[in-house]
Amino acid sequence: MFGLAPMAASTAAAPSAPAAGIEPATSAAMIELMPVQPAIEGGEIPAFLQDPAPSAPQETIIGSGSASYYAAKFDGRRTASGERFDNDAMTAAHRTLPFGSRLRVTNPANGRSVVVRVNDRGPFTRGRMIDVSRAAAEELGMVARGHATVDIALLAD
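First residue of the sequence shown? That's 4 in this note's numbering, and the numbers climb one at a time after it.
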């Protein structure tokens with residue numbers, strides 16, 4: 004008999020009057036159901052509503068500098084991050100950026116760009132800013148010369 008008392012109390016009908024201080028027209032349920040329409044003056048849709056939302060990753064410009072690419076002899080060797088270097092992967096070496104950082108590397112001479120992941124330290128050649136894998140170098144069009152001036156931007160995750 005004692006076990007039924009709490010159950011009976013919990014099955015009571017909900018009050019039909021709104022709770023104190025809450026207007027039915029502004030309750031959360033009503034706000035979610037109301038369509039949101041921008042104020043349109045003169046019948047034109049504001050420009051900020053016409054443009055699609057940006058879908059490209061946010062970029063932080065790091066700078067411009069000289070890039071080179073890994074020699075074939077490094078393929079399969081361990082990188083500073085501990086993974087094996089793969090000349091066919093889109094990877095790079097940078098002196099200070101954290102491992103796993105994604106960079107957009109652009110060759111301004113031809114407009115080509117690639118996204119690489121930092122997995123090694125370097126380059127250790129004076130005047131170089133970044134080393135990229137051969138696959139990245141091919142995409143950037145820098146294999147023939149062995150190096151190129153590039154623009155580097157850090158991509159947000």
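Just so it is clear, CB atoms sit at the ideal spot from N, CA and C, and this is done for glycine as well.
Computed from a predicted structure; not experimentally measured.
- Sixteen is the threshold: since fewer than 16 other Cβ atoms of the shown chains lie within 10 Å of the Cβ of residue 146, the residue is exposed.
- Within the model, the alpha-carbon separation for residue 125 versus residue 74 is close to 13 Å.
- Only residues of its own chain outside the window of five on either side were considered, and among them 155, 156, 157 have a CB closer than 7 Å to the CB of residue 65, listed in chain order.
- Under DSSP, residue 143 forms no beta bridge with any residue.
- Residue 117 and residue 76 have their C-alpha atoms some 23 Å from each other.
- In this structure, the beta-carbon distance from residue 70 to residue 153 falls below 8 Å.
- Listed as beta-bridge partners of residue 86 by DSSP are no residues whatsoever.
- Rounded to the nearest whole angstrom, the CA to CA distance from residue 72 to residue 63 is 23 Å.
- Assigned with DSSP and collapsed to three states, residue 137 falls in helix.
- Following the DSSP letters along the chain, one finds residue 158 inside the beta strand (DSSP E) bounded by residues 150-158.
- Take residue 100, set aside five residues on each side of it, and the residues of its chain with a beta-carbon closer than 6 Å to its own are 121, in chain order.
- A straight-line Cα-Cα distance of about 21 Å links residue 148 and residue 89.
- Judged by their CB atoms, residue 94 and residue 67 are not nearer to each other than the 8 Å cut-off.
- When 123, 115, 98 are compared, the shortest CA-CA separation from residue 92 is found for 123.
- When DSSP reads this structure, residue 69 sits in a beta bridge with 131, 152.
- For residue 106, the enclosing beta strand (DSSP E) has its first and last residue at 105-110.
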